[in-house]
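One structure is given here, and the rest of the page talks about it.
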Amino acid sequence: MTQPRAQFSSSFGFLMVASGSAIGLGNIWGFPTQAANNGGGAFVLAYLVLAFLLAYPALMAELIIGRHSNTNIVSALGQLSPSPMTKRLGTGLGFVGVITASLILSFYAIVAGWMLAKCLQPLAALLGADTAAQWLSRDGIGRDLSLCLAFSVWTCWIVAQGINKGIESWARKLMPALLLILLALIAYVFTQTGSTAGLRVYLVPDFSRLSDPALLLGAMGQSFFSLSLGVGTMLIYGSYLGKTLAREQSPHKAYRDKLPRLGAIVTLMDSGFAFLAGLLIVPALYVAQAQGLEIFAADGKLMAGPSIVMQVLPNLFATMGTAGQWVSLSFFALLTIAAITSSISMLEVPVSVVTERTGLKRPRAALIISSLIFAMSAFIVFNFDQMFDAVIALSTRYSEPFMGLVLCLFAGWILHRDKKLMQLRDAQGLTQSWFWRIWPFYARFLCPLFIVLMFVQSLR
Ligand code: PHE
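Taking this note's numbering, the leading residue of the sequence shown gets 1383, the next gets one more, and so forth.
Written out as structure tokens, the structure is:
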């Protein structure tokens, strides 16, 4: 007898797991400086609007396919395709999603390893383990590989424990901790000189910047990455939610489908967290400037990405004495937690495909796939200059939007026509709700159109 498919224990569990996937390194180092550099409050506003108008319907496409098909991305796209020929195409496209998720994880785990090193270093110093602290602070292939390996083992171990005991239980504990650490750090940064200047740069709107279409498309790309779209993560999480929702749904309120609301909460938590992260990062950069540190890159813009996290902020923490070690520890714990809850969701994509399609046991599948992905990470570390940026561009700029498009088309054109689904929906009276009236139009026309535009823009 095969085991019944695991399900999240409640919609709260789903919310922690899905927002854990969405809230990641992208929110903390991608969004804040992008906003500060591109019109401040105006960008924040545009980002929120885009997240709800375009990324949210795409998220719903994945959740709906997952809930409906009750399986992983490869089997779902295969099953949905109507003819034997298109089934093969659907299956093939599913594998593109799996490869994309694995590629993202291969570079994400390297970055997460850096975060782990920066998190353990002040801990080692506070505990008096000076040799370890020194080793952790020295850049080098040995350190990068060891910490990437440690992070990969941690990710693999959580996924191997399964949906409830592994993924859900860790997300339930880590997500509230993440929010608390972020709030504490924001409060601390605002006691420092320079922070209000940063707040102004982050929030005072410059609407003239919004007429630039490239900027809006950039914001759209950011929101796709941030909501973990286009790789099958949200699809597989949606598939662990079907029975949970059926159980929670009260018979009197059957017409009120919970899924659109849950998707909206995930979108809100993801954008809200990105916004809060901006309240930490941009003011912290201006505190660093008040300390005499350089915060602008050669092109005159605020530094972004790894350079702030790996250089500017650590240098700032170094000026703060012992308090700085605690701040540093909390800051890198924040990034490490954000990274682990996203990484488990990426690993779940290939693991679910392999366990469901071959019958291999979860721990073994997790171990084999993690080893392959770690081999890829190691390959990137050894060929860093040629590979790192290329893998990021391939997976996030090309493959993710492409698969986002595919998933919207499947949900909007194929699934929507599915007779069984229509019957089910009509029986529940779901067609009456505004979501079901508007969403199909989005999934069929608007989302694909915008994704194509984004794509063309990124090719230029
Ligand atoms: N959403 C994550 C972040 O913001 C990245 C991610 C992409 C996670 C794709 C899962 C799948 O960092």
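Glycine included, each C-beta is placed from N, C-alpha and C at the ideal position.
- Closer than 6 Å to some heavy atom of the ligand PHE: that describes the Cβ of residue 1613.
- For residue 1414, the enclosing alpha helix (DSSP H) covers residues 1413-1419.
- The Cβ atoms of residue 1664 and residue 1418 sit closer than 7 Å to each other.
- Remark: the shortest separation between the CB of residue 1728 and any heavy atom of the ligand PHE falls under 6 Å.
- Taken in chain order, no unbroken stretch of beta strand (DSSP E) lies wholly in the segment 1562-1629 with a span of 3 residues or more.
- Straight across, the Cα-Cα distance linking residue 1741 with residue 1685 is about 47 Å.
- If you draw a straight line from the Cα of residue 1400 to the Cα of residue 1783, it is about 19 Å long.
- For residue 1441, the enclosing alpha helix (DSSP H) starts and ends at 1438-1451.
- In the DSSP annotation of this structure, the continuous segment of the alpha helix (DSSP H) that includes residue 1697 starts and ends at 1695-1700.
- Residue pairing by DSSP puts residue 1678 in a beta bridge opposite 1684.
- Taking the Cα positions, residue 1607 is about 24 Å away from residue 1565.
- In this model, residue 1529 and residue 1760 are separated by some 11 Å (Cα to Cα).
- Between the alpha carbons of residue 1569 and residue 1433 lies a distance of about 27 Å.
- Here the C-alpha atom of residue 1693 lies approximately 36 Å from the C-alpha atom of residue 1645.
- If you check the CB distance, residue 1456 and residue 1735 come in under 7 Å.
- Relative to residue 1596, the option among 1416, 1398, 1403, 1816 whose CA is nearest is 1416.
- The beta carbon of residue 1403 sits closer than 6 Å to at least one heavy atom of the ligand PHE.
- Under the criterion of beta carbons closer than 8 Å, residue 1448 and residue 1588 do not qualify as touching, at roughly 40 Å.
- Across the structure, residue 1549 and residue 1563 are spaced so that their CA atoms are roughly 21 Å apart.
- In this structure, 1671 is the residue among 1671, 1426, 1727 with its C-alpha nearest to the C-alpha of residue 1577.
- Distance from residue 1614 to residue 1499 at the Cβ level is roughly 30 Å; contact not present, criterion being Cβ atoms closer than 8 Å.
- Contact annotation, residue 1541 with residue 1748: C-beta distance approximately 5 Å; criterion of less than 8 Å satisfied.
- Nearest Cα to residue 1660 within the set 1624, 1822, 1410: 1410.
- Between residue 1469 and residue 1479 a beta carbon distance of about 16 Å is seen, past the 8 Å cut, so the two are scored as non-contacting.
- Annotation: the continuous alpha helix (DSSP H) that includes residue 1738 extends over 1703-1740.
- Distances taken from the Cβ of residue 1407 to the heavy atoms of the ligand PHE include one shorter than 6 Å.
- Put simply, of 1523, 1738, 1668, 1395 the residue whose alpha carbon is nearest the alpha carbon of residue 1573 is 1668.
- For residue 1434, there is no enclosing alpha helix (DSSP H), as DSSP marks it with neither H nor E.
- No Cβ-Cβ contact shorter than 7 Å links residue 1680 with residue 1501.
- A buried status is given to residue 1604, since no fewer than 16 other beta-carbon atoms sit within 10 Å of its beta-carbon.
- In the displayed model, residue 1526 falls within a helix according to three-state DSSP.
- Annotation for residue 1486 indicates a beta carbon within 6 Å of some heavy atom of the ligand PHE.
- For residue 1457, the distance from the CB to the nearest heavy atom of the ligand PHE is not below 6 Å.
- When secondary structure is reduced to three states using DSSP, residue 1454 falls in the coil class, being assigned neither helix nor strand.
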